[in-house]
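Residue numbers (this note's numbering), protein chains in the order written: chain S, 64 to 275; chain Z, 64 to 275; chain P, 64 to 275; chain D, 64 to 275. Everything on this sheet refers to the single structure shown next.
There are 4 protein chains.
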Amino acid sequence: MRTSSQKSTALKANPAPTEARVPKRERGKLRVAALMDSGAAVIAERGYGAATMTEIAARAGASIGSLYQFFPSKEVLADALLKRYGERMAAALDAVVARADGATAQAISEGLISVMTDLKADRAAALVLLDARDESKTARQKLREIMLGRIERILCLAAPRLTQGKAQMMSVMLLYMLKAIPPLLAENGARATQLRDEARDAMQLYIANGIG
Amino acid sequence: MRTSSQKSTALKANPAPTEARVPKRERGKLRVAALMDSGAAVIAERGYGAATMTEIAARAGASIGSLYQFFPSKEVLADALLKRYGERMAAALDAVVARADGATAQAISEGLISVMTDLKADRAAALVLLDARDESKTARQKLREIMLGRIERILCLAAPRLTQGKAQMMSVMLLYMLKAIPPLLAENGARATQLRDEARDAMQLYIANGIG
Amino acid sequence: MRTSSQKSTALKANPAPTEARVPKRERGKLRVAALMDSGAAVIAERGYGAATMTEIAARAGASIGSLYQFFPSKEVLADALLKRYGERMAAALDAVVARADGATAQAISEGLISVMTDLKADRAAALVLLDARDESKTARQKLREIMLGRIERILCLAAPRLTQGKAQMMSVMLLYMLKAIPPLLAENGARATQLRDEARDAMQLYIANGIG
Amino acid sequence: MRTSSQKSTALKANPAPTEARVPKRERGKLRVAALMDSGAAVIAERGYGAATMTEIAARAGASIGSLYQFFPSKEVLADALLKRYGERMAAALDAVVARADGATAQAISEGLISVMTDLKADRAAALVLLDARDESKTARQKLREIMLGRIERILCLAAPRLTQGKAQMMSVMLLYMLKAIPPLLAENGARATQLRDEARDAMQLYIANGIG
DNA sequence: TATGAATGAGACTTCATTCAT
DNA sequence: CATGAATGAAGTCTCATTCAT
């Protein structure tokens with residue numbers, strides 16, 4: 064495994080940019096979007112380690128040099144991907160939050176599952192990234208907070224009498240149940256519809272029991 | 064004294080072996096065990112792609128050549144690890160099966176969770192392997208069958224009136240809930256004990272509801 | 064900055080390319096030419112198995128990575144070398160074909176030997192390659208056809224009454240006599256001139272006898 | 064390519080044995096013969112570089128340790144193989160010499176070709192060895208002398224008036240024609256019989272012309 | 001800015017050879 | 001003598017990253 068920079072004899076090594084460069088022209092924005100989609104696809108398909116910058120560029124119809132123009136390292140690309148996923152996830156959960164006031168266990172369960180069912184393309188990559196990179200501690204933490212916070216808010220809105228401790232505990236539990244959904248459906252394609260219901264039931268039972 | 068290249072690339076070499084070589088002497092057996100433990104540890108720690116054969120050998124106190132003596136490729140080592148995990152998992156689940164006749168939802172839930180809580184060292188590696196390698200289709204399938212079959216048997220023993228279809232569906236659902244347990248506990252160390260109970264409750268509710 | 068393994072071994076990577084990449088810039092073309100010359104030299108000197116990619120790159124003044132940029136494997140380099148040799152050989156023989164109409168046995172013999180005497184650098188490598196690699200079946204076949212076809216044409220032009228069967232048989236025989244020439248001359252440097260005449264006589268006698 | 068000994072820290076490094084150990088018991092002789100046959104087969108099949116000591120031992124039904132017992136290095140095995148081939152070749156040619164007195168060009172030609180047609184198994188390996196190893200200069204030289212000397216003697220016996228110079232020149236030429244025979248026949252199996260005659264004719268013409 | 005060539009550390013793997021049992 | 005495990009140098013190949021055009 065490598066950790067050290069390759070450029071050992073660098074003199075005034077520009078302090079290694081850690082952020083994606085923001086494109087200024089329209090054309091650049093399109094290219095960045097294409098590169099990110101390509102990156103998500105390749106990483107989801109091959110895993111973080113096996114995904115090569117060359118393939119990512121090629122699949123986006125760009126040259127390797129062009130890719131590095133916007134994402135100065137593989138790390139930066141991974142971070143950008145994770146960030147975009149977080150934002151989209153937040154938005155999706157916020158929609159559930161908006162409908163959570165006094166909602167039933169079933170509605171909540173259904174809403175959460177829907178969130179996990181959308182955003183497919185990005186999630187596959189995000190999951191891969193989260194447990195392939197050591198450095199993603201921060202990103203993982205951030206994503207975790209995005210999700211946990213909103214789930215907790217949903218629970219509290221639905222059941223105002225819930226103690227904070229119980230709500231937190233339940234949020235964590237639900238988070239992990241939710242995480243199991245995408246693989247559950249993906250790996251059991253034939254019975255995906257029924258399993259989706261089964262999963263919703265399981266979560267509903269758990270939520271109803273907790274809400275009391 | 065060596066003279067010309069050792070590596071050939073010429074002619075169709077003996078078809079790369081796909082199985083671990085079985086040690087014939089005591090020393091070899093010890094080596095193999097050490098190498099597998101080391102392999103499980105390193106893979107769990109770094110992921111399949113980032114785990115290096117060099118580190119695996121070193122951590123087992125063996126030379127790289129020694130590692131390759133028994134595991135002629137990284138793939139083969141991965142397969143062996145998965146196989147060992149499958150056997151241990153089967154044994155552990157069989158013990159639950161043995162106690163399943165007429166058992167309560169709580170007992171079953173508790174039993175299954177215990178299985179996932181043991182075998183820690185091997186499982187971490189196994190999980191990593193299962194979704195890091197494409198080739199492990201077979202291994203994954205095998206492991207899946209090992210677990211699904213036994214979970215189904217447990218459910219049927221506990222609730223003889225369950226239809227086969229329902230039992231199968233529930234087994235799949237439970238399998239994915241179970242898979243979520245190790246990361247749930249590992250990533251939330253501080254509240255692991257409570258979360259374990261929470262998980263048990265969730266499964267228990269689901270089982271009880273299904274058993275009727 | 065790099066973080067996790069580059070080499071994957073995970074997932075079915077892009078199917079290993081079997082063809083040399085064609086350089087698009089002037090610099091690349093020069094490189095490729097230098098690399099091929101270097102490859103021919105090293106392989107001729109050491110044999111295919113003992114020739115190392117490292118040495119080939121070094122002798123061309125390139126880095127190992129640069130070599131692999133254009134020739135993604137030792138095999139591919141070998142194929143490219145063989146292909147180039149085939150093309151040059153074809154051109155050289157075509158020149159003999161052009162002068163074959165009604166030519167004497169001596170002229171033909173002389174012409175064929177000249178062909179084998181030129182192209183030295185490439186041929187040494189080509190010969191080594193042809194019987195060092197199993198996979199070169201196709202290349203060998205192609206080269207064989209290139210030579211046999213032209214030799215046959217030469218014979219027919221020189222002696223129109225030759226039956227096709229006889230012409231083919233003689234072509235094969237001449238091909239193997241020709242193949243013996245380069246080592247004959249190379250390994251007997253001191254008497255190379257006389258041996259060249261001796262060889263020409265042998266071929267001339269054989270051709271004259273066959274042509275009748 | 065390696066040239067230096069691996070055992071660098073050796074203290075009183077036994078001066079690296081360069082000869083095959085001679086077995087003393089009957090069983091040992093059989094084993095040595097089996098190992099040599101196996102060695103010839105594997106080397107012929109894969110080439111010198113690609114032939115592995117492990118496979119050679121295995122194909123002879125012996126362990127790697129056992130192989131090294133008799134042939135302390137791959138080199139030594141190669142030398143032994145070459146030596147055995149030389150002896151057999153000498154014997155075969157001696158038989159032709161014995162019949163050479165006043166023989167016709169056709170008889171000589173036929174005799175020489177027969178020699179090349181026998182000893183198949185060993186020759187394939189010998190040819191591979193001769194141009195795969197740098198060190199085989201001596202062996203090659205020795206073999207060359209074995210053959211050249213006898214061919215020359217044959218020519219002189221058949222045509223006492225031949226000058227020594229001419230006889231030598233012709234011997235060299237014939238040697239290379241002979242060397243072309245095995246590949247000629249092997250690679251053109253379908254027409255081997257006719258090609259054999261064709262080759263005999265070519266040699267006969269050459270000899271007859273030279274003998275005058 | 002875009003392109004594609006250049007670089008080299010480091011990964012996996014092989015195999016001649018040695019040695020303890 | 002036989003056996004099979006141990007060793008490690010060296011080979012092939014990959015890919016993130018840099019740079020000249």
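All C-beta atoms in this analysis are idealised placements derived from N, C-alpha and C, irrespective of residue type, glycine included.
{"Item": "Below-7 Å beta-carbon distance, residue 269 of chain P vs any chain D residue", "Value": "yes"}
{"Item": "C-beta atoms of residue 171 of chain S and residue 221 of chain S nearer than 7 Å", "Value": "yes"}
{"Item": "Any 3 or more C-beta pairs closer than 8 Å across the segment 263-272 of chain S and the segment 85-93 of chain Z", "Value": "no"}
{"Item": "Burial state of residue 85 of chain S (16 or more Cβ within 10 Å)", "Value": "exposed"}
{"Item": "Min CB distance residue 261 of chain P to chain D below 7 Å", "Value": "yes"}
{"Item": "Segments assigned alpha helix (DSSP H), at least 4 residues, entirely inside the segment 145-214 of chain Z", "Value": "168-180, 183-193"}
{"Item": "Presumed contact (8 Å Cβ cut-off) between residue 83 of chain Z and residue 125 of chain Z, rounded CB distance", "Value": "Contact doesn't hold; Cβ gap of about 14 Å is too wide."}
{"Item": "CB contact flag (residue 247 of chain D, residue 239 of chain P, <7 Å)", "Value": "yes"}
{"Item": "Residues near residue 114 of chain Z in its chain [Cβ-Cβ closer than 7 Å; skip 5 each side]", "Value": "105, 106"}
{"Item": "Chain-ordered neighbours of residue 112 of chain D on chain P, where CB pairs are closer than 9 Å", "Value": "110, 111, 112, 113, 195"}
{"Item": "Closer than 7 Å to chain P by CB, residue 241 of chain D", "Value": "no"}
{"Item": "Cutoff 7 Å: residue 188 of chain S Cβ touching any chain Z Cβ", "Value": "no"}
{"Item": "First and last residue of the uninterrupted alpha helix (DSSP H) at residue 269 of chain Z", "Value": "255-274"}
{"Item": "Where residue 83 of chain S falls: helix, strand or coil (DSSP)", "Value": "coil"}
{"Item": "Proximity test, Cβ basis, 7 Å: residue 265 of chain D and chain P", "Value": "yes"}
{"Item": "Reduced DSSP category for residue 134 of chain D - H, G, I as helix; E, B as strand; rest coil", "Value": "coil"}
{"Item": "Closest by C-alpha distance to residue 96 of chain Z, when choosing among Z:256, Z:188, Z:133, Z:254", "Value": "Z:133"}
{"Item": "Alpha-carbon spacing of residue 206 of chain Z relative to residue 81 of chain Z, whole angstroms", "Value": "19 Å"}
{"Item": "Check whether residue 151 of chain D and residue 190 of chain D have beta carbons under 7 Å apart", "Value": "no"}
{"Item": "Through-space distance from residue 230 of chain D to residue 156 of chain P, alpha-carbon basis", "Value": "33 Å"}
{"Item": "Chain-ordered residues of the segment 243-254 of chain D with a beta carbon less than 9 Å from chain P", "Value": "243, 244, 246, 247, 250, 251, 254"}
{"Item": "Supposed contact pair residue 251 of chain S and residue 235 of chain Z - C-beta distance, whole angstroms, cut 8 Å", "Value": "6 Å"}
{"Item": "Chain-ordered chain S contacts of residue 258 of chain Z [CB-CB under 8 Å]", "Value": "232, 235, 236"}
{"Item": "For residue 253 of chain Z, the nearest candidate out of S:159, S:202, S:187, S:232 (CA to CA)", "Value": "S:232"}
{"Item": "Helix, strand or coil at residue 239 of chain D [DSSP, three-state]", "Value": "helix"}
{"Item": "Check whether residue 123 of chain Z and residue 101 of chain Z have beta carbons under 7 Å apart", "Value": "yes"}
{"Item": "Selection from Z:159, Z:174, Z:121 that minimises the alpha carbon distance to residue 260 of chain Z", "Value": "Z:174"}
{"Item": "For residue 121 of chain D, the nearest candidate out of D:99, D:203, D:225 (CA to CA)", "Value": "D:99"}
{"Item": "Reduced DSSP category for residue 98 of chain Z - H, G, I as helix; E, B as strand; rest coil", "Value": "helix"}
{"Item": "Residue of D:244, D:117, D:148 minimising C-alpha distance to residue 193 of chain D", "Value": "D:148"}
{"Item": "Beta-carbon proximity of residue 244 of chain P to residue 262 of chain P, cut-off 7 Å", "Value": "yes"}
{"Item": "Other residues of its chain near residue 203 of chain S: CB distance less than 6 Å, five sequence neighbours each side excluded", "Value": "193"}
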